[in-house]
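Residue numbers (my numbering), protein chains in the order written: chain P, 21 to 236; chain G, 21 to 236.
We put the beta carbon where it would ideally sit given N, CA and C, even for glycine.
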């Protein structure tokens, strides 16, 4: 039979995976809102971030409470500290999805993304979906090979990010400064989103193996 | 006589303040490197970030070690957890100074900052110096009134950030898209730097009072 500590930790782990799904949904909807200039969807993502924040506070409180009551040592202690850090990463990823939705809202009824960049941003949204799904899977399964795949997705995000800049700086760019500012910020938000997903996966792998994955 | 736990915690606190000075120096030099297109200074900030990261790892290890060995409860436990979070904030602030230095390096021998924006960026650098100095002071003194002042500096940073965008979007902007991208990213780095300083101060105040400061 499991003891109370491990039951509580398992429960928090399950809800962390739920939180990762909440963040995945926010990012997916933020990308759609951005590409389609969908103001209702943008508003939804912006207001739903309060739910992500509530989940953050709830899980953070409970993890601290377990830490205070159970006085874990060794691996158990490392697990709780890692959990606290992952909760913070996911909360920040929710913020980044919200930032993207805010750009969508600011430019409505236009899309902040000019036609020639729609496919790149769509691809960045797809990669964002992959990295958060894999971060959730790594939390659930502690599988290091998924963490290594996630690093490759992050490389793909960096490639897309460079492509974004190349388009902004090409002679064909005819949209001027304001959309360039939007795209620069949007690109940064997607990139940071993937960075945090990598961070989540690395934390789990480090917890399980005591070492960073080989590919990192 | 203090016990071992509080001695260790005090020692970590002192080194946290040292770390905040290291980050302050990095940000100050990054701003000079950026404004003066000083490649040597930019390279120095970029390579010195490794020292900030080493300090991060050292303090993080030691705080975790204290947590594992001393099994603190109540306020002591909250202090250690808060310390872990502040260490992470300061590490990230070091990264942001490094990012600014990298923009300076990328545009050398030009300055990434056009003449009409030099004073705004200089002001952002000044405010960045204020917020990190105050964050260090709040860590050292746990003084809530300094934390409230820091919030006002953060408001000043937001005002400068908006001024930056206003210049980029004005009819007088004659530098095109590439410098606008640089300035957008630089502005974001300064803004995030101040956000993390606010976060440090809020964490300390919350630790001391159990409540967020009135002005927050």
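Please work out which residues of its chain come closer than 6 angstroms, Cβ to Cβ, to residue 113 (chain G), disregarding the five sequence neighbours upstream and downstream, and give them in chain order.
43, 213 and 216
According to DSSP, is residue 132 (chain G) part of a helix, a strand, or is it coil?
coil
Using a Cβ-Cβ cut-off of 7 angstroms, state whether residue 204 (chain P) counts as contacting chain G.
yes
Cβ pair count under 8 angstroms reaching 3, the region 87–104 of chain P against the region 70–89 of chain G:
yes
Could you give the uninterrupted runs of the alpha helix (DSSP H) lying entirely in the region 54–137 of chain P, keeping only those of 4 residues or more?
59–90 and 94–127
Cβ of residue 129 (chain G) within 7 angstroms of Cβ of residue 57 (chain G)?
yes
Check the Cβ of residue 198 (chain G) against every Cβ in chain P and list those closer than 7 angstroms, keeping chain order.
189
Kindly list, in the order they appear in chain P, the residues whose Cβ is closer than 7 angstroms to that of residue 93 (chain G).
88
Keeping to the same chain, check which residues put their C-beta closer than 7 angstroms to that of residue 59 (chain P); ignore five residues upstream and five downstream.
125 and 128
Report the neighbours of residue 185 (chain G) on chain P: residues whose CB is nearer than 8 angstroms to its CB, in chain order.
201
Does DSSP put residue 40 (chain P) in a helix, in a strand, or in coil?
helix
Does the beta carbon of residue 236 (chain G) come closer than 7 angstroms to any beta carbon on chain P?
Low local confidence applies: a pLDDT of 41 at residue 236 (chain G) is under 50, so the model's placement there is unreliable, and no value is given.
Return the CA-CA distance between residue 119 (chain G) and residue 209 (chain G), expressed in angstroms with no decimal places.
7 angstroms
At which residues does the alpha helix (DSSP H) containing residue 219 (chain P) begin and terminate?
197–229
I'd like to know whether the C-beta of residue 110 (chain G) is nearer than 7 angstroms to at least one C-beta of chain P.
no
C-beta contact flag for residue 121 (chain P) and residue 50 (chain P) at 7 angstroms:
yes
Neighbour flag for residue 180 (chain P) against chain G, beta carbons, 7 angstroms:
no
For residue 169 (chain G), which residues in the same chain have their Cβ closer than 8 angstroms to its Cβ, ignoring the five residues on either side in sequence?
154
Here's a check: name, in chain order, each residue in its chain whose Cβ is nearer than 8 angstroms to the Cβ of residue 32 (chain P), leaving out the five neighbours to either side.
79, 82, 83, 86 and 103
Where does the unbroken alpha helix (DSSP H) through residue 194 (chain G) begin, and where does it stop?
Run containing residue 194 (chain G): none; DSSP gives neither H nor E here.
Please compile the residues from chain G whose C-beta is within a distance smaller than 9 angstroms of the C-beta of residue 101 (chain P).
84, 87, 101 and 104
I need the straight-line Cα distance from residue 199 (chain P) to residue 219 (chain P), nearest angstrom please.
30 angstroms
Would you call the region 58–73 of chain P in contact with the region 185–193 of chain P, where contact means no fewer than 3 C-beta pairs closer than 8 angstroms?
no
Contact criterion: CB-CB distance below 7 angstroms. Does residue 97 (chain G) meet it with respect to chain P?
yes
Measure from the alpha carbon of residue 164 (chain P) to the alpha carbon of each residue in P:196, P:151, P:226 and P:207, then state which is nearest.
P:226
Select from P:145, P:204, P:37 and P:223 the residue whose C-alpha is nearest the C-alpha of residue 177 (chain P).
P:145
Kindly indicate which three-state DSSP category residue 163 (chain G) falls into: helix, strand or coil?
coil
Would you mind working out which of G:185, G:221, G:75 and G:134 sits nearest residue 161 (chain G), comparing C-alpha positions?
G:221
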